[in-house]
Each structure stands twice: as C-alpha cells, then as structure tokens.
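Novice: Residue numbers (the UniProt record's numbering): 1 to 223.
The beta carbon of each residue, even a glycine, is placed where N, CA and C say it ideally should be.
Everything numeric in this text was worked out from a predicted model, so none of it was measured.
I have a structure I would like to understand better, so I am pasting it below and will then ask my questions one at a time.
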Amino acid sequence: MKKLIAALSLLFVLSLTACGNSDAALRQENEALRQQILALEAERDNLTKENKDLTEENAALDDTAPESGDDEANPIDRFFEGVDVGSSTAEMNAVADSWAGAWESECRNAAKWLKGQLPLQEDQALVDAYIASAEEQSARMDIMAIYPIADLTLPQTDRSASSGTLRGVLWAGAHQQIWKDTFYQLLYVAPDYTSGVDSAVSYQFLFDVEAAQTQLDSLLSAD
Numbered sequence: 001m002k003k004l005i006a007a008l009s010l011l012f013v014l015s016l017t018a019c020g021n022s023d024a025a026l027r028q029e030n031e032a033l034r035q036q037i038l039a040l041e042a043e044r045d046n047l048t049k050e051n052k053d054l055t056e057e058n059a060a061l062d063d064t065a066p067e068s069g070d071d072e073a074n075p076i077d078r079f080f081e082g083v084d085v086g087s088s089t090a091e092m093n094a095v096a097d098s099w100a101g102a103w104e105s106e107c108r109n110a111a112k113w114l115k116g117q118l119p120l121q122e123d124q125a126l127v128d129a130y131i132a133s134a135e136e137q138s139a140r141m142d143i144m145a146i147y148p149i150a151d152l153t154l155p156q157t158d159r160s161a162s163s164g165t166l167r168g169v170l171w172a173g174a175h176q177q178i179w180k181d182t183f184y185q186l187l188y189v190a191p192d193y194t195s196g197v198d199s200a201v202s203y204q205f206l207f208d209v210e211a212a213q214t215q216l217d218s219l220l221s222a223d
C-alpha cells in the first residue's frame, strides 16, 4: 500500500512539473509573439511616416513644377479660356488662331531665353533645331488635323478645299498644342529648372493680356 501511495505521489509530482514546464513554454512563446507584433507595429509606423513624407514631397513638387494647367504659370490659357468664342466658325477660327499664335510666340521667346543660358554655340544650335522640328511637326499637322472631317479618298493637296471652314479651328488647335508642349519641354530642360530653381518663376512670359485683347477685338470686329 505504501508503495502504491508513493507511486501515485511521484506521478502527481511529475504531472505538476510537466504542467509547469508547459506553462513556461507557452509564456515564452507568447513573449516571442508579442515581440514580433511590436516589431511589425514599429515597421508599420515607419512605413506610414515614409509614405507621409513622400506624399508631402510630391505635393511640393507639384506646386513648383511649371505645369500647363497652372493658371499662375500659364497666363495664355487663363486668358483664352475666358474668351467668348462666339457661335460662328469665323469667330471660332479667330480665337483659335490667336491662341495658337500666342503659344508659338511664347515658345520662340522661351527658346531665346534658354539659349541665353547656354554658353556653347553647339547647344544653342540644338535649341534652334528643336524649334525647327516643331515647325515641321506643325506643317504636317496641316494635313493630319483635318482627318476627322476630310474626304480621305482625295489626295492630300485637294482635301483642304473639301473640308469646310471648320478645318481652320482644327489646324489652330493642333498648332496650339504642338507649340505649347514644345514650350514646356524647353522649360523643363532649362539649367534653372534642373538646378532646382522653378523655371516657371524665373521665366517671364512674353504674353501681354491687354495687347491680346486688343488684337482679338480687332479680329472679331472685322469678321
């Protein structure tokens, strides 16, 4: 009987020891998991901060970049978007042509401004070649811009006569976009811009609102 009691007592002690060891292992495992969770939370916080910093940095870049949609950096579009184009094709042509002409003049002025920052003749020649390519692209657009309204079964030389008066609006719109895009491309490669100085600020627009309004009034009254 005593041996039986002793055996039972030993089993009880072993059982308690096993439970104790199991609890210790669980506590150790829980602590390891807790540390992993803390590490993941810290990593999450760091990523959140990095994302916030990048968002603020991108916002700052958007504020200073000379984008064509920025009214403060783009007085040409701001002016012409407020002009009543009228209802006749002649009025639409006059406004569209003036708009395109303003961007061409501004682009040529930007080319002159950029060349003033380039000491080597070979670099200035590249700017001239870039303007020449815009001229060639604009000339090609005289054919391509009227695709939507032209009789494409006719030779290119005969299409203008059969395209109606709306062709002038399409031509001007295409020319405007070409010169506008070229203008901003020149600003982006300017040493001021690549050095961290906003070219939209350092560049002074040639466009004069009062002169443009006077010219436009004259064109519209003539029509």
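1) Does DSSP put threonine 153 in a helix, a strand or coil?
2) Given this structure, state the Cα-to-Cα distance separating alanine 110 from valine 189, to the nearest angstrom.
3) Could you check where the alpha helix (DSSP H) with serine 98 kicks off and where it finishes?
4) Please state the DSSP three-state secondary structure of residue 279.
5) Leaving out five residues before and five after leucine 120 in sequence, what residues of the same chain have Cβ atoms less than 7 Å from its Cβ?
6) In its own chain, which residues sit with a C-beta less than 7 Å from the C-beta of phenylalanine 79, not counting the 5 before and 5 after it?
7) If you draw a straight line from the C-alpha of alanine 65 to the C-alpha of tyrosine 203, how long is it?
8) Taking all protein chains shown into account, do 16 or more other C-beta atoms lie within 10 angstroms of the C-beta of aspartate 151, making it buried, or fewer, making it exposed?
9) Would you mind reading off the limits of the alpha helix (DSSP H) that contains phenylalanine 80?
10) Is valine 85 near leucine 216, with beta carbons less than 8 Å apart?
11) For valine 95, collect the residues of the same chain with a Cβ closer than 6 Å to its Cβ; drop the 5 residues on either side in sequence, then sort them by chain order.
12) Considering valine 127, what are the terminal residues of the alpha helix (DSSP H) in which it resides?
Specialist: According to the structure data:
1) Position 153 of the sequence shown, counted from the first residue, corresponds to residue 153. If DSSP states are grouped into helix, strand and coil, threonine 153 belongs with coil.
2) Along the sequence shown, read from residue 1 onward, the residue named residue 110 stands at position 110. Along the sequence shown, read from residue 1 onward, the residue named residue 189 stands at position 189. Roughly 11 Å between the two C-alpha positions.
3) Counting from one through the sequence shown, the residue named residue 98 turns up at place 98. Counting along the chain, the alpha helix (DSSP H) containing serine 98 begins and ends at 89-115.
4) No answer is possible for residue 279: the residues shown for the chain start at 1 and end at 223.
5) Translated into positions along the sequence shown, residue 120 becomes position 120. Nothing listed; no residue qualifies.
6) Numbered from 1 along the sequence shown, position 79 holds the residue referred to as residue 79. Excluding positions up to five away in sequence, the list reads Val209, Ala212.
7) Working through the sequence shown from its first residue, we reach residue 65 at position 65. Working through the sequence shown from its first residue, we reach residue 203 at position 203. Residue confidence is low: alanine 65 scores 45 on pLDDT, short of 50, so the model does not pin down where it sits. No coordinate-derived value is stated.
8) In the sequence shown, the residue the question calls residue 151 occupies position 151. The residue is exposed, with fewer than 16 neighbouring Cβ atoms inside 10 Å.
9) By one-based count along the sequence shown, residue 80 stands at place 80. Looking at the DSSP string, the run of the alpha helix (DSSP H) that includes phenylalanine 80 is 75-81.
10) As a first step, residue 85 is located in the sequence shown; it is residue number 85 there, counting from the start. As a first step, residue 216 is located in the sequence shown; it is residue number 216 there, counting from the start. In this structure, leucine 216 does not lie closer than 8 Å to valine 85 by Cβ.
11) For the purposes of this step, residue 95 is identified with residue 95 of the sequence shown, where counting begins at 1. Excluding residues within five positions, the ones whose Cβ falls inside 6 Å are Val83, Val85.
12) Mapped onto the sequence shown, residue 127 falls at position 127. Element bounds for valine 127: 121-144.
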